[in-house]
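Residue numbers (UniProt numbering), protein chains in the order written: chain A, 1 to 154; chain B, 1 to 837. For glycine and all other residues, C-beta sits at the position ideal for the given N, C-alpha and C. Down below is the structure, laid out as structure tokens.
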Amino acid sequence: MGSRASSLLREEDIEEIKKQTGFSHSQITRLYSRFHSLDKGENGALSREDFQRIPELAINPLGDRIINAFFPEGEDQVNFRGFMRTLAHFRPVEDNEKNKDPTSGEPLNSRTNKLFFAFQLYDLDRDDKISRDELLQVLEKVDVEQKMSIRFLH
Amino acid sequence: MASSVYLCLLRAVFLVCFVNPLIQGLSGDTNVIQNPHHQLEENLTGLPIVTFKWHHVQTPYLVIIWVFVAGLAKLSVVELNHHVTSVFPESGLLIIMGFILGGIVWGADRAQTFKLLPPTFFYYLLPQIILDASYFMPNKLFFSNLGAILIYAIFGTCWNAATVGLSLWGCYEAGAMGNLDIGLLQFLLFGSLIAAVDPVAVIAVFEEVHVNEVLFILVFGESLLNDGVTVVLYNVFDAFVALGGPRIDAAEIFKGIFSFVVVAFGGSFLGIGFAILLSLLTRCTKHIQIIEAGFVFVVGYLAYLTAEMLSLSAILSITFCGICCQKYVNANMDEKSVTTVRHAMKLLANGSETMIFLFLGVTAIDTEIWVWNTGFILLTLLFVFIYRIIGTFLFTWMLNKFRLVPIEVIDQVVMSYGGLRGAVAYGLAALLDEDKIPEKNLMISTTLIVVYFTVILQGITMKPLVQWLKVKRAAHSDLKLIEKLNNRAFDHILAAVEDICGRIGDNWWTRGWNRFEENYISWLLMKPKARKNRDYLFSIFHKLNLEDAINYVSEGERQGSLAFNRSDEAANVDFKKQFGSEFADVMPNIMVDMSTYELGIEHFSVTSTVKDTIPSVSLDIHGQDRKNAMDDINAHHLLQQHLYRSRKHHRHKYSRSHFSINQNEDEVQEIFQRTMRSRLESFKSAKMGVNPAKKITKHHKKELTHKHLTKHDLVFLVDSAVGSETGAINSTFMRDTYTVGAGIENPVFLPDMDSPSHSLPWLMETEAVAPSQRAQRRLPWTPNRLRRLAPMRISTCSTDSFLMADVSLTLEEHEEQSQTDHEEMCFFLSTFEVNRL
Numbered sequence: 001m002g003s004r005a006s007s008l009l010r011e012e013d014i015e016e017i018k019k020q021t022g023f024s025h026s027q028i029t030r031l032y033s034r035f036h037s038l039d040k041g042e043n044g045a046l047s048r049e050d051f052q053r054i055p056e057l058a059i060n061p062l063g064d065r066i067i068n069a070f071f072p073e074g075e076d077q078v079n080f081r082g083f084m085r086t087l088a089h090f091r092p093v094e095d096n097e098k099n100k101d102p103t104s105g106e107p108l109n110s111r112t113n114k115l116f117f118a119f120q121l122y123d124l125d126r127d128d129k130i131s132r133d134e135l136l137q138v139l140e141k142v143d144v145e146q147k148m149s150i151r152f153l154h
Numbered sequence: 001m002a003s004s005v006y007l008c009l010l011r012a013v014f015l016v017c018f019v020n021p022l023i024q025g026l027s028g029d030t031n032v033i034q035n036p037h038h039q040l041e042e043n044l045t046g047l048p049i050v051t052f053k054w055h056h057v058q059t060p061y062l063v064i065i066w067v068f069v070a071g072l073a074k075l076s077v078v079e080l081n082h083h084v085t086s087v088f089p090e091s092g093l094l095i096i097m098g099f100i101l102g103g104i105v106w107g108a109d110r111a112q113t114f115k116l117l118p119p120t121f122f123y124y125l126l127p128q129i130i131l132d133a134s135y136f137m138p139n140k141l142f143f144s145n146l147g148a149i150l151i152y153a154i155f156g157t158c159w160n161a162a163t164v165g166l167s168l169w170g171c172y173e174a175g176a177m178g179n180l181d182i183g184l185l186q187f188l189l190f191g192s193l194i195a196a197v198d199p200v201a202v203i204a205v206f207e208e209v210h211v212n213e214v215l216f217i218l219v220f221g222e223s224l225l226n227d228g229v230t231v232v233l234y235n236v237f238d239a240f241v242a243l244g245g246p247r248i249d250a251a252e253i254f255k256g257i258f259s260f261v262v263v264a265f266g267g268s269f270l271g272i273g274f275a276i277l278l279s280l281l282t283r284c285t286k287h288i289q290i291i292e293a294g295f296v297f298v299v300g301y302l303a304y305l306t307a308e309m310l311s312l313s314a315i316l317s318i319t320f321c322g323i324c325c326q327k328y329v330n331a332n333m334d335e336k337s338v339t340t341v342r343h344a345m346k347l348l349a350n351g352s353e354t355m356i357f358l359f360l361g362v363t364a365i366d367t368e369i370w371v372w373n374t375g376f377i378l379l380t381l382l383f384v385f386i387y388r389i390i391g392t393f394l395f396t397w398m399l400n401k402f403r404l405v406p407i408e409v410i411d412q413v414v415m416s417y418g419g420l421r422g423a424v425a426y427g428l429a430a431l432l433d434e435d436k437i438p439e440k441n442l443m444i445s446t447t448l449i450v451v452y453f454t455v456i457l458q459g460i461t462m463k464p465l466v467q468w469l470k471v472k473r474a475a476h477s478d479l480k481l482i483e484k485l486n487n488r489a490f491d492h493i494l495a496a497v498e499d500i501c502g503r504i505g506d507n508w509w510t511r512g513w514n515r516f517e518e519n520y521i522s523w524l525l526m527k528p529k530a531r532k533n534r535d536y537l538f539s540i541f542h543k544l545n546l547e548d549a550i551n552y553v554s555e556g557e558r559q560g561s562l563a564f565n566r567s568d569e570a571a572n573v574d575f576k577k578q579f580g581s582e583f584a585d586v587m588p589n590i591m592v593d594m595s596t597y598e599l600g601i602e603h604f605s606v607t608s609t610v611k612d613t614i615p616s617v618s619l620d621i622h623g624q625d626r627k628n629a630m631d632d633i634n635a636h637h638l639l640q641q642h643l644y645r646s647r648k649h650h651r652h653k654y655s656r657s658h659f660s661i662n663q664n665e666d667e668v669q670e671i672f673q674r675t676m677r678s679r680l681e682s683f684k685s686a687k688m689g690v691n692p693a694k695k696i697t698k699h700h701k702k703e704l705t706h707k708h709l710t711k712h713d714l715v716f717l718v719d720s721a722v723g724s725e726t727g728a729i730n731s732t733f734m735r736d737t738y739t740v741g742a743g744i745e746n747p748v749f750l751p752d753m754d755s756p757s758h759s760l761p762w763l764m765e766t767e768a769v770a771p772s773q774r775a776q777r778r779l780p781w782t783p784n785r786l787r788r789l790a791p792m793r794i795s796t797c798s799t800d801s802f803l804m805a806d807v808s809l810t811l812e813e814h815e816e817q818s819q820t821d822h823e824e825m826c827f828f829l830s831t832f833e834v835n836r837l
């Protein structure tokens with residue numbers, strides 16, 4: 001698996017992903033092998049079913065939202081680039097300024113982008129607003145405990 | 001101030017008076033102690049009516065006197081001028097008090113007869129403090145930071161010991177200390193005993209400072225776990241000193257390292273073993289609930305002593321015993337036992353801590369032990385301080401490479417400053433063998449100076465330092481709901497991403513452990529009943545109800561005791577005390593640890609909405625009419641009740657195994673009914689918008705009540721659309737059995753469907769309700785509306801005690817039911833429904 005996986009990933013791809021997302025070389029290769037193992041259909045892209053095959057994700061209350069977050073608007077397949085782009089949001093925040101060049105915009109794991117990503121998880125209908133119902137839905141899924149204490153919200 | 005001065009004087013006088021004869025008695029009559037009877041018989045010339053039997057009671061008397069004095073000392077320290085207490089840490093003040101007391105004893109008798117002996121300290125004073133610390137340890141926090149804690153505890157302590165010992169030795173060789181009969185090994189031994197951060201001192205100082213919890217758990221966890229290392233180092237170097245320098249070779253050193261593994265892990269596993277024993281014990285103690293609380297202390301102490309006996313780390317043993325058993329013991333034991341354990345634990349720990357610090361002061365006033373060597377002492381202080389700083393920064397730098405949330409520099413400063421030495425170091429120093437270590441007194445002196453320095457000086461400066469450095473403090477208020485929600489959501493998100501990446505991270509371990517623990521360990525260690533009651537939703541429900549109840553009562557008390565009369569807001573009834581037993585019976589036996597109650601629902605509690613929407617004006621509108629008519633009857637029955645009842649009021653029943661606060665179920669239920677009725681009332685009035693004027697400022701709360709009322713799930717109050725008054729009333733529920741003059745109306749009582757012949761509780765001659773005096777002065781105002789409070793629950797699976805409670809009671813109603821009331825009642829009844837969880 002290892003060798004096959006890395007042979008499908010070219011060096012320049014790795015470089016590009018590295019620049020875009022900030023992952024290190026070894027991390028990218030490792031994630032690629034994971035991507036490959038998830039990709040049962042072997043078509044170089046993941047579909048929703050592939051994600052749903054992960055057992056722990058099924059019992060996660062926010063699982064389906066995370067899965068949706070990987071797929072850009074309207075599409076059903078996510079390639080490796082998209083996969084990495086989403087995962088890059090979860091890298092630790094780097095507060096150093098030295099790598100910043102003004103043309104590249106904010107890195108994917110900046111605080112603002114993280115917030116934006118989290119916002120999208122709440123905002124199901126993607127209208128850039130979190131409505132009361134959406135908040136309640138999250139509450140319902142995530143925390144029954146809190147729901148029971150918010151007796152006034154209903 | 002005056003009171004404390006008075007107390008001090010009192011104590012001084014008391015001590016001087018006592019100490020002198022005590023000392024006389026102690027020193028003079030050593031032979032007589034053995035043969036008091038003989039002495040008596042020898043000198044007997046006539047029948048002594050009263051004899052002074054000092055020797056019989058000597059030992060326990062002295063012990064108790066000192067405990068008493070320690071208690072008085074703590075009292076006077078606490079009562080001191082506020083300015084002093086805000087600057088000085090309490091532990092420092094206690095040490096100073098100890099100086100004074102030591103001075104008094106010294107003055108009475110030219111020797112320090114009351115020293116802190118190591119066995120006393122290690123066997124009688126220390127275990128309960130450690131048990132208390134571990135029983136209340138926040139487990140989640142502890143285990144998530146366990147890696148860091150272990151690094152600091154093991155490597156930090158070794159580092160401190162090595163560097164201090166070696167540096168001192170280096171300085172000695174360089175001649176900075178003059179002539180001492182001491183060698184490298186002894187320096188290392190000294191280093192090992194002075195290196196240990198002391199849990200007692202850390203608790204004492206950090207308790208007043210309130211730093212953020214991660215920082216606290218790091219310092220505190222380190223102080224607890226470093227005992228493993230300290231014991232090993234101490235024993236190893238002690239043995240090395242006994243062996244002598246030349247016989248130490250690689251094998252011995254290797255044995256030393258190996259002994260660390262054995263001692264530390266052995267102690268921990270022993271503690272875990274005793275925790276399992278304790279959990280299994282509490283699982284079976286259903287029928288001796290009165291003494292099951294004692295098992296915690298006994299088994300904990302056993303763990304400590306057993307480890308000590310096997311020369312394993314006793315502190316580690318009792319620590320892990322406490323940490324591992326807390327969950328199961330709290331689940332298995334009766335709620336009352338849990339409360340008992342908690343309070344007794346705190347009492348013992350506090351008392352021990354007071355005594356330790358006091359004695360640390362007393363033992364200083366002793367000319368025998370003081371050997372002053374400027375170089376040694378000052379250098380020790382310096383090295384202890386510096387190497388702590390260096391060590392902390394070094395290890396934190398290493399740790400931050402692996403931690404997700406790095407430890408900030410400011411926290412590191414506080415951590416290094418918080419490396420307080422305390423009584424453990426002194427105890428170890430006092431245990432040194434004088435033959436092997438001729439400079440024992442020097443070491444004791446130095447240790448005492450270091451302890452005083454850290455506890456007093458660093459204790460004083462800790463708070464200002466923390467404020468100056470703007471250390472992140474402990475969160476003062478509970479997290480807002482949205483914060484909690486988001487935290488939970490993020491936890492889930494992170495776990496999901498971890499799964500996607502296929503990475504085995506922290507979350508995986510936590511979840512795996514939780515699953516394993518739930519399936520196997522809980523099955524073994526928890527009572528089946530407790531396991532069932534751990535149902536998540538149910539425990540939340542219980543917690544919420546209890547919190548409501550407590551808020552309710554405190555609000556009622558805040559409003560004044562007559563609030564019940566005036567505004568029906570709250571009954572001045574000690575809800576929990578009265579209903580504790582009831583809860584225990586009706587509700588499942590689950591433990592609510594209110595101190596760990598994390599749900600910050602004060603913002604949204606029912607009672608807060610209640611108190612804001614009670615319109616006392618509207619009360620009067622309806623109440624006045626009734627009031628006048630009923631006043632006479634009230635007065636009559638009030639008198640009747642109390643004139644005849646007062647003597648019978650208290651039912652004394654002595655029993656070793658039973659002490660009940662108020663077991664009169666009827667009374668309990670009646671008072672309960674009233675309160676619930678009043679609460680319902682308030683909701684009703686809020687819903688009907690009876691008095692809008694009153695709620696200008698709390699308008700939003702009224703709306704909340706609205707919403708609350710419309711879709712309430714769990715609270716036992718009405719739920720549903722406001723306006724539907726068309727429900728067909730089941731008229732059997734409302735029976736007009738009121739008879740004027742039958743007694744104080746208690747309209748809350750529903751007619752019982754099954755046994756309508758239930759007589760009114762207050763009419764029962766023998767044992768009946770004696771409603772609270774305050775409640776009787778004024779009737780609850782709209783009995784009709786509140787008829788529907790008792791359970792209409794048809795469902796048998798309700799576990800709501802509030803509802804089940806009054807099934808058997810009867811309802812009295814006013815004749816003058818207004819039609820509107822009737823209608824309201826109808827809709828109440830028809831639409832009442834408590835949704836199942």
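So if DSSP puts residue i in a beta bridge, which residue, or which two residues, is it bridged to?
{"i": "residue 46 of chain A", "result": "A:78"}
{"i": "residue 211 of chain B", "result": "B:473"}
For residue i, go through chain B and note every residue whose CB falls closer than 8 Å to its CB, in chain order.
{"i": "residue 31 of chain A", "result": "501"}
{"i": "residue 90 of chain A", "result": "494, 497"}
{"i": "residue 87 of chain A", "result": "497, 500, 501"}
{"i": "residue 115 of chain A", "result": "Per Cβ cutoff of 8 Å: no residues; residue 115 of chain A is ~11 Å from chain B at best."}
Please list, in chain order, the chain B residues whose beta carbon lies closer than 7 Å to that of residue i.
{"i": "residue 124 of chain A", "result": "Per Cβ cutoff of 7 Å: no residues; residue 124 of chain A is ~13 Å from chain B at best."}
Can you tell me which of the options puts its alpha carbon nearest to the alpha carbon of residue i?
{"i": "residue 380 of chain B", "options": "B:435, B:194, B:132", "result": "B:194"}
{"i": "residue 357 of chain B", "options": "B:673, B:121, B:463, B:50", "result": "B:121"}
{"i": "residue 369 of chain B", "options": "B:473, B:441, B:349", "result": "B:441"}
{"i": "residue 413 of chain B", "options": "B:395, B:427, B:429", "result": "B:395"}
{"i": "residue 163 of chain B", "options": "B:463, B:174, B:384, B:555", "result": "B:384"}
{"i": "residue 387 of chain B", "options": "B:367, B:371, B:415", "result": "B:415"}
Just checking: is the beta-carbon of residue i within a distance shorter than 7 Å of some beta-carbon in chain D?
{"i": "residue 473 of chain B", "result": "No chain D is part of this structure, whose protein chains are labelled A and B."}
- Query: Between the stretch 37-66 of chain A and chain B, which residues of the former have a C-beta closer than 9 Å to a C-beta of the latter?
  - Reply: Those would be 37, 38, 51, 54, 55, 56, 57, 60, 61, 62, 63, 65, 66, in chain order.
- Residues, ordered as in the chain, of the stretch 487-500 of chain B that lie near chain A by beta-carbon distance below 8 Å: Residues passing the 8 Å Cβ filter: 488, 489, 490, 492, 493, 494, 495, 496, 497, 499, 500.
- Task: Taking only beta carbons into account, state which residues of the stretch 422-439 of chain B come closer than 9 Å to chain A, listed in chain order.
- Result: Residues passing the 9 Å Cβ filter: none.
- Stretch-stretch touch, CB-based, cutoff 8 Å, three pairs: the stretch 389-404 of chain B with the stretch 153-162 of chain B: Result yes; three or more Cβ-Cβ pairs closer than 8 Å.
- Item | Sufficient close CB pairs (3 or more, under 8 Å) joining the stretch 400-414 of chain B to the stretch 160-179 of chain B | The stretch 400-414 of chain B is not in contact with the stretch 160-179 of chain B.
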